[in-house]
Ligand code: 13P
């Protein structure tokens with residue numbers, strides 16, 4: 001049976017005091033379950049501080065993006081090695097906000113994914129369609145294109161050290177959640193695309209759902225056969241909200 005991963009993407013939120021309070025709340029209330037794993041992805045300036053606060057705890061640390069380059073004259077960028085150096089194990093790549101607001105193409109995302117794998121960080125590859133694309137019946141086509149750009153660059157073997165997050169853009173921060181069945185259909189599709197390359201890797205990989213996950217809809221989503229947890233935005237910013245999702249996962 002696969003683990004359930006509950007991952008908080010804090011996006012551009014928080015400050016030193018609020019982060020400490022949030023982490024203290026999460027650490028105090030985290031469910032003890034062998035199957036449920038927790039990950040937080042704070043903004044860059046707080047990563048090292050958060051790493052110190054969660055040292056020795058089961059909480060894992062990820063960044064929200066990373067440079068595809070190893071080092072050098074790339075002003076404002078942060079490398080895989082730097083993230084590893086300060087204690088990150090994971091990194092989000094290709095979040096829809098990076099794609100839509102910062103112009104990251106699927107080939108940029110593939111390069112970041114490759115850099116993460118090469119440098120020993122576990123990438124969380126985010127994919128998902130817009131509302132217009134869903135309404136046009138293009139969901140699978142969009143997800144295929146986003147996945148294939150990475151598969152073509154790194155090959156299936158790299159997915160043994162990766163996570164996929166399906167985040168329909170229309171469900172992010174809108175309060176509109178995909179129904180468990182809508183999400184399951186896309187998750188199953190993603191797993192089948194990977195299975196066409198390697199059945200064992202497809203069976204083992206965690207595929208998270210993201211988009212308005214809350215305490216009251218998490219269990220329904222996570223109980224679907226191909227949904228292995230959530231990538232949580234808004235509800236990851238309050239310990240009680242995040243723990244309600246973690247508890248829902250631990251109850252399954
Ligand atoms: P919300 O949970 O706020 O919808 O955000 C989802 C998301 O984008 C996580 O990466």
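Residue numbers (the working numbering): 1 to 252.
Just so you know, even glycine gets a beta-carbon here, dropped at the ideal spot from N, CA and C.
Just so you know, these numbers come straight off a predicted model, no measurement behind them.
Buried versus exposed call for residue i [16 or more other C-beta atoms within 10 Å across all chains shown]
i	result
residue 184	buried
residue 52	exposed
residue 70	exposed
residue 249	buried
residue 148	exposed
residue 168	buried
Cβ-based neighbour list, residue i, same chain, cut-off 6 Å, excluding 5 preceding and 5 following
i	result
residue 19	46
residue 95	126
Span of the alpha helix (DSSP H), counted from its first residue to its last, around residue i
i	result
residue 180	180-195
residue 220	218-222
residue 240	239-250
residue 119	106-119
residue 54	47-54
residue 146	139-154
residue 80	80-85
residue 100	96-101
residue 133	131-135
DSSP state of residue i mapped onto helix, strand, coil
i	result
residue 125	strand
residue 13	coil
residue 207	strand
residue 6	strand
residue 176	coil
residue 62	strand
residue 169	helix
residue 36	strand
Boundaries (first-last residue) of the beta strand (DSSP E) holding residue i
i	result
residue 230	229-232
residue 91	90-93
residue 164	163-166
Residue i beta carbon near ligand 3 (any heavy atom closer than 7 Å)
i	result
residue 100	Ligands displayed in this structure: ligand 1; ligand 3 is not among them.
Own chain residues within Cβ distance below 7 Å of residue i, not counting five before or after
i	result
residue 170	130, 131, 134 and 176
residue 23	50, 53 and 54
Residues of its chain near residue i, where Cβ-Cβ distance is below 8 Å and the 5 sequence neighbours each way are ignored
i	result
residue 152	110
residue 67	74, 77, 78, 79, 80, 112 and 115
residue 14	22, 42, 43, 46 and 237
Answer yes if the region 72-79 comes into contact with the region 101-113, meaning at least three C-beta pairs across the two stretches below 8 Å, and no otherwise. no
Check whether the region 1-11 touches the region 37-48, taking contact to mean three or more Cβ pairs, one atom from each stretch, closer than 8 Å. yes
Stretch pair the region 204-224 + the region 138-149: three plus CB contacts closer than 8 Å: no
Give a yes or no on contact between the region 186-204 and the region 230-242, applying the rule of three or more CB pairs nearer than 8 Å. no
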